[in-house]
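Step one of this worksheet: look at the structure below.
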Amino acid sequence: MKFNKGQLLVFTPAAVLVIILVVAPAWVDISILSLLTKILIFGLLAMSLDVVFGYIGLWSFCHAALFGVAAYANGILISRFDITNFFLVAPLSILAAAVAAAFLAWIALRMSGIYFLLITLALGQMIFSVAFVWRKITGGSQGLINIPYPDIGIDFSSAGFYYFTLIITLLCGIALHRFLKSPFGYSLQGIRENETRMIALGFNTWRHKFIAFVVSGAFAGMAGILYTHYNGIIMPRGVDMAASGLIVIMVLIGGAGTLWGGLIGAGVIYMLSYYVSLVTPERWPLILGACFVAAVIFARGGIYPQLCRLWNRVITPKSGPANPEEG
Amino acid sequence: MKGFVRKQVVVFAVLVLALSVSPFSSAQAADAIKIGGLFELTGFLAPIGKDARQGAMVAIEQAGGTLMGRPLEFITEDSATDVPTSMDKMRKLVEVNKVRIIVGPIFGGSQDAMGGYADKMRVPVITIPSGQNSNILKNKWTFSAAGTDESNGYPMGVYAAEKLGYKTATTIGSDFEAGHEFIRGFALGFESKGGKILQQQWYPPGTTNMIPYLVAAKNKADCLVTWWPGRDAFAGFKQYQELNIKMPIVQPEDGGITGNPVANKHLGNAVVGAHSTVLYSYLAKTTGNKEFVAAYKKKYGVLPSPLAGAGYVSTQIAMEAIKKAGPDSSQKELKKALIGLKMDTIHGPLNFNQWRIATYTTPIVKISPELVPEIVAQYRVISEVVNGKIKYSLED
Amino acid sequence: MDVAIVSILSGISSGVVLFLVAAGLSFVLGLMGIVNIAHGAMVMTGAYAGINVAKASGSLILGGLAGALLSGLVALLLERGFLRNLYKLHLEQILVTFGFVYIIANIHLWVYGAWPLSAYVPPSLSGSVTIGQFSFSVFRIVIIVIGIVFCPILWWVQDRTKIGAIIRAGMDDPEMAAVIGINLRPINIAVFFTAACIAGFAGVIGAFPLGGVNLGLGQEMIFMAIAVVVVGGVGSIQGAFTGALLIGVCTSLAGTYLSKAAIFVPYFLMIAILIFRPQGLFGKS
Numbered sequence: 017m018k019f020n021k022g023q024l025l026v027f028t029p030a031a032v033l034v035i036i037l038v039v040a041p042a043w044v045d046i047s048i049l050s051l052l053t054k055i056l057i058f059g060l061l062a063m064s065l066d067v068v069f070g071y072i073g074l075w076s077f078c079h080a081a082l083f084g085v086a087a088y089a090n091g092i093l094i095s096r097f098d099i100t101n102f103f104l105v106a107p108l109s110i111l112a113a114a115v116a117a118a119f120l121a122w123i124a125l126r127m128s129g130i131y132f133l134l135i136t137l138a139l140g141q142m143i144f145s146v147a148f149v150w151r152k153i154t155g156g157s158q159g160l161i162n163i164p165y166p167d168i169g170i171d172f173s174s175a176g177f178y179y180f181t182l183i184i185t186l187l188c189g190i191a192l193h194r195f196l197k198s199p200f201g202y203s204l205q206g207i208r209e210n211e212t213r214m215i216a217l218g219f220n221t222w223r224h225k226f227i228a229f230v231v232s233g234a235f236a237g238m239a240g241i242l243y244t245h246y247n248g249i250i251m252p253r254g255v256d257m258a259a260s261g262l263i264v265i266m267v268l269i270g271g272a273g274t275l276w277g278g279l280i281g282a283g284v285i286y287m288l289s290y291y292v293s294l295v296t297p298e299r300w301p302l303i304l305g306a307c308f309v310a311a312v313i314f315a316r317g318g319i320y321p322q323l324c325r326l327w328n329r330v331i332t333p334k335s336g337p338a339n340p341e342e343g
Numbered sequence: 139m140k141g142f143v144r145k146q147v148v149v150f151a152v153l154v155l156a157l158s159v160s161p162f163s164s165a166q167a168a169d170a171i172k173i174g175g176l177f178e179l180t181g182f183l184a185p186i187g188k189d190a191r192q193g194a195m196v197a198i199e200q201a202g203g204t205l206m207g208r209p210l211e212f213i214t215e216d217s218a219t220d221v222p223t224s225m226d227k228m229r230k231l232v233e234v235n236k237v238r239i240i241v242g243p244i245f246g247g248s249q250d251a252m253g254g255y256a257d258k259m260r261v262p263v264i265t266i267p268s269g270q271n272s273n274i275l276k277n278k279w280t281f282s283a284a285g286t287d288e289s290n291g292y293p294m295g296v297y298a299a300e301k302l303g304y305k306t307a308t309t310i311g312s313d314f315e316a317g318h319e320f321i322r323g324f325a326l327g328f329e330s331k332g333g334k335i336l337q338q339q340w341y342p343p344g345t346t347n348m349i350p351y352l353v354a355a356k357n358k359a360d361c362l363v364t365w366w367p368g369r370d371a372f373a374g375f376k377q378y379q380e381l382n383i384k385m386p387i388v389q390p391e392d393g394g395i396t397g398n399p400v401a402n403k404h405l406g407n408a409v410v411g412a413h414s415t416v417l418y419s420y421l422a423k424t425t426g427n428k429e430f431v432a433a434y435k436k437k438y439g440v441l442p443s444p445l446a447g448a449g450y451v452s453t454q455i456a457m458e459a460i461k462k463a464g465p466d467s468s469q470k471e472l473k474k475a476l477i478g479l480k481m482d483t484i485h486g487p488l489n490f491n492q493w494r495i496a497t498y499t500t501p502i503v504k505i506s507p508e509l510v511p512e513i514v515a516q517y518r519v520i521s522e523v524v525n526g527k528i529k530y531s532l533e534d
Numbered sequence: 314m315d316v317a318i319v320s321i322l323s324g325i326s327s328g329v330v331l332f333l334v335a336a337g338l339s340f341v342l343g344l345m346g347i348v349n350i351a352h353g354a355m356v357m358t359g360a361y362a363g364i365n366v367a368k369a370s371g372s373l374i375l376g377g378l379a380g381a382l383l384s385g386l387v388a389l390l391l392e393r394g395f396l397r398n399l400y401k402l403h404l405e406q407i408l409v410t411f412g413f414v415y416i417i418a419n420i421h422l423w424v425y426g427a428w429p430l431s432a433y434v435p436p437s438l439s440g441s442v443t444i445g446q447f448s449f450s451v452f453r454i455v456i457i458v459i460g461i462v463f464c465p466i467l468w469w470v471q472d473r474t475k476i477g478a479i480i481r482a483g484m485d486d487p488e489m490a491a492v493i494g495i496n497l498r499p500i501n502i503a504v505f506f507t508a509a510c511i512a513g514f515a516g517v518i519g520a521f522p523l524g525g526v527n528l529g530l531g532q533e534m535i536f537m538a539i540a541v542v543v544v545g546g547v548g549s550i551q552g553a554f555t556g557a558l559l560i561g562v563c564t565s566l567a568g569t570y571l572s573k574a575a576i577f578v579p580y581f582l583m584i585a586i587l588i589f590r591p592q593g594l595f596g597k598s
């Protein structure tokens, strides 16, 4: 494939970011590295949400619960059943999340808009409640503890796990990107814009939405698996309505319908929370809330589209006699 | 092309700068002794997290900011009553601030998560106050400064059966792991003296209406055992009073409320006559307590609550251990010093056994008509790990 | 027997508070299409301020009015300052109101401290009645009566007054209403303001059945209010009332007889309604 100079320029910031992320462990201290790992994991979750939230326009408020199903499956298989082989456990956990997503979609897709939001909220909370109440399996309010790093035959250090997460997140991101740029993916956007027309054109929109939801759930599950290894423990509080709401906020702040906006949104929220709480340990939620409001006023549509616009202005040659030699 | 490259470099530099910004600790002497503190300053444990931090600050101030002639740095962070945040802050304290020992947190979930990391990094964590069973059994660098949750409930069970003469009990507890452990501890103590638990009820955490559970409590029982953490206690006591339930209330742990004179003022006479185990009582006639209460009252204007006392003790333990092992000791020597530690604290004489569970003097209080939690009994509980389970007995 | 009676009555007392909170949310959603996640925070704002005023002045009515007014003003600030430009932009509304929840909660932590605030019970209402082996507070009965009285009043406004007709017209078909010459803008703002006022008032009197006010109230209330709106239907007083009482009583009975199951009651009801009658018990198809 040949790239012309223009295309290369467009991708430069992304390439630079990837290079920085790859090189990070060398000059960044480990607590920042763990923060980056967390951002990657939740960024993946936000990206999976964006598939249904931004691209189809289905406001799902239960993605933390799907993430949780895989996370718990992972934790339960490892802690309660002593099955640790990552290549066995991870696919099973992803399957669990996909099945849960299928089930939720089957109930929730009967409606749309605000009702979809509400029913996913209720269903997500139900899953949270089950996790809470079923103490024998899920450990109840305490959850499951002491989950080790993934068992793939090598010994993980903090930096090692960071690379593991980085690679998986990037691969998943690229996979989602291709999924969304495929004809199927475009049809999803068509459904968002005008579902009746899509039906008139002969699309089985229900099936499209269902498949997209299950795919979204599977990727959310991948994030859940990474999370259990990262944290070492899984608890109900991380998968409740408030958590689902936070993922939605990440997508909105980064930019709904942009895919990579989810990653940006996760980065913004966690970096802000971390650094602001160092400065004011008691007032940081207030500042975070103010930032959400500011994002709506100044970065309408999300931060990612604004960054793209900025970059485009940077690389667009200034008006005047066009000189093909100029960048 | 040149102008364009310049722009690229600027963008690159900005990104690099953004990622590498981490707050640098202020330039300090290389030989400062660093202790880390993780407290719940926001989130649902905020009221007691703040108290604990305040107690800890009194301990640091009493030390005069130095330890064995070296400057003492106490770096505190907010755990937000949230596990991932606790982990991030702990990593920062250990790897950026390079603390030798960590005091806190209170939240059981955070303690569990941090335990594994503490093991890996060999940093002792002195919990505030008690640790949950699973945590203690699995994590070898976590020190439970106030026994286990069960060991706190145990003496109340003994006291209720022996001294108050109750033969049967019905329980209502918040459906947290800690709640199950406190009430299980009570049951162990109660049954060891011939008592019988008739019924157990668990309500979803965050419930504000306790009436359904209070009316369902079997009123044939001699006493009502409740575990109402934090804000649950406010609804619980008020509604208990409103319904005019005859069974007296007995608590395996005060949830940070009943032993707290400030909270009792808010609760009013609903709480009069209730018995509870507390972590710490400002009325206890233990070593250094008068000075602590005076110092705390002077700095913050109120009497210290149980968690304030616990924060104070845990911080003192940290400082004492470093003193004992020596400021330049290895982490392993620090751990050894902690295990053999014997201190006279405001919690009474305190020592850690080989399983890193502390034995201290547990006060049992009864709320007087003047809303003062008066000490009616004191117990010392020994916790031993036998066959993977923890067994309790009383020190004579 | 007395156990069941007290359980049901306590469920009704929680239910009427929920009704007051949810009614406002229901109308704002139906009329303006605004998803106001900060509605629960309005309850908290009114409660903290109103109870403090009541305790200081010795008058519950004064406290209730103060709480209602403060909540209304905060809502007005939110609407005029931020939401006015976001009509139809549901996602942005969610983001802004979510941010406000964080801000309001933290301001309350700052101003009032982390301790829960106990309810204000007027001395004249602090007596109790006996039901079997239990005592039941007179104040709780009064709250039930207040809630039950509010219902027909609001219903009358909704069904029998011109303003009610205008609001319902605005919900059913805003374009048509505009064609007839009805200016919906001031109506919308008035509804938003009133909804918050009622919520704030509910916080003040509702503190008692809720066992006191705490910083988590905003989050708890918004979820329960959403559950009521789903079960009862959007834009209907009778829906909000039925939904709220249903949820309140079922949760209470579940707690008494099934202990742990109580946590599932709102979700079961919501999901059942959404499957079998998605518009809610009294909503329009």
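Sequences listed follow chains S, R and P, in order.
Counting in our numbering, the first sequence runs from 17 upward without gaps.
Counting in our numbering, the second sequence runs from 139 upward without gaps.
Counting in our numbering, the third sequence runs from 314 upward without gaps.
C-beta atoms are modelled at their ideal positions from N, C-alpha and C, and glycine is treated no differently.
Scanning Cys361(R), Gly344(R), Lys529(R) for the CA closest to the CA of Ala373(R) turns up Gly344(R). Distances from the CA of Gln516(R) to each of Phe212(R), Lys527(R), Met294(R), Ser506(R) were compared; the closest alpha carbon is that of Met294(R). Restricting attention to Gly397(R), Leu405(R), Trp365(R), the CA atom closest to the CA of Glu380(R) is found in Leu405(R). Under the three-pair Cβ rule at 8 Å, the segment 462 to 469 of chain P counts as touching the segment 547 to 556 of chain P. The secondary-structure analysis by DSSP pairs Gly285(R) across a beta bridge with Ala283(R). One alpha carbon belongs to Ile274(R), the other to Asn407(R), and they sit about 38 Å apart. At least one beta carbon of chain S lies nearer than 9 Å to the beta carbon of Trp423(P). Interface annotation for the segment 225 to 236 of chain R against chain S: Met225, Asp226, Arg229, Lys230, Glu233, Val234, criterion Cβ-Cβ distance under 7 Å. Listed as beta-bridge partners of Tyr179(S) by DSSP are no residues whatsoever. The beta-carbon of Leu438(P) is placed no less than 9 Å from the nearest beta-carbon of chain R. Between the alpha carbons of Pro507(R) and Lys403(R) lies a distance of about 11 Å.
Leu408(P): member of the alpha helix (DSSP H) spanning 403 to 425, first to last residue. DSSP places Gly477(P) in the uninterrupted alpha helix (DSSP H) bounded by 475 to 485.
In the displayed model, Cys361(R) falls within a strand according to three-state DSSP.
For the set Asn491(R), Lys334(R), Leu231(R), Thr483(R), the Cα lying nearest the Cα of Ile528(R) is the one of Asn491(R).
One finds Arg126, Met127, Tyr131, Ile135 in chain S with Cβ atoms closer than 9 Å to the Cβ of Pro591(P), taken in chain order. The beta carbon of Thr309(R) lies closer than 6 Å to those of Ile321, Gln338, Val363 in the same chain, with the five residues before and after it left out. At least one C-beta of chain R is nearer than 9 Å to the C-beta of Pro522(P).
In the DSSP assignment, His404(R) forms no beta bridge with any residue. The Cβ atoms of Ile535(P) and Ala369(P) do not sit closer than 9 Å to each other. One thing to note: Gly519(P) has its Cβ no nearer than 9 Å to the Cβ of Ala335(P). Ranked by Cα distance from Tyr361(P), the options Gly376(P), Asp472(P), Arg397(P) are led by Gly376(P). The beta carbon of Phe172(S) lies closer than 8 Å to those of Tyr165, Pro166, Phe180 in the same chain, with the five residues before and after it left out. When the five nearest sequence neighbours on each side are left out, the beta carbons in the same chain lying within less than 8 Å of the beta carbon of Ala490(P) are those of Ile479, Ala482, Gly483, Leu497, in order along the chain.
Within the model, the alpha-carbon separation for Phe102(S) versus Ile407(P) is close to 38 Å. Secondary structure in the segment 386 to 433 of chain R: the alpha helix (DSSP H) runs of 4 residues or longer, each lying completely within the stretch, are 399 to 405 in chain order.
The Cβ of Phe314(R) sits closer than 9 Å to at least one Cβ of chain S. In the displayed model, Lys474(R) falls within a helix according to three-state DSSP. Ranking Lys480(R), Tyr378(R), Gly478(R), Ala463(R) by CA distance to the CA of Leu472(R) puts Ala463(R) first. Interface with chain P (9 Å Cβ-Cβ cutoff): Leu381(R) is included. Annotation note: the segment 167 to 209 of chain R contains the following uninterrupted beta strand (DSSP E) runs of length 3 or greater, listed N- to C-terminal: 171 to 177. In the DSSP assignment, Lys527(R) falls within the beta strand (DSSP E) that extends over 527 to 532. For the segment 54 to 74 of chain S, the set of residues with a beta-carbon nearer than 8 Å to any beta-carbon of chain R comprises Lys54, in chain order.
Buried is the label assigned to Glu319(R), since at least 16 other Cβ atoms lie within 10 Å of its Cβ.
Cβ-Cβ separation between Trp75(S) and Leu133(S): approximately 4 Å, consistent with a contact (criterion under 8 Å).
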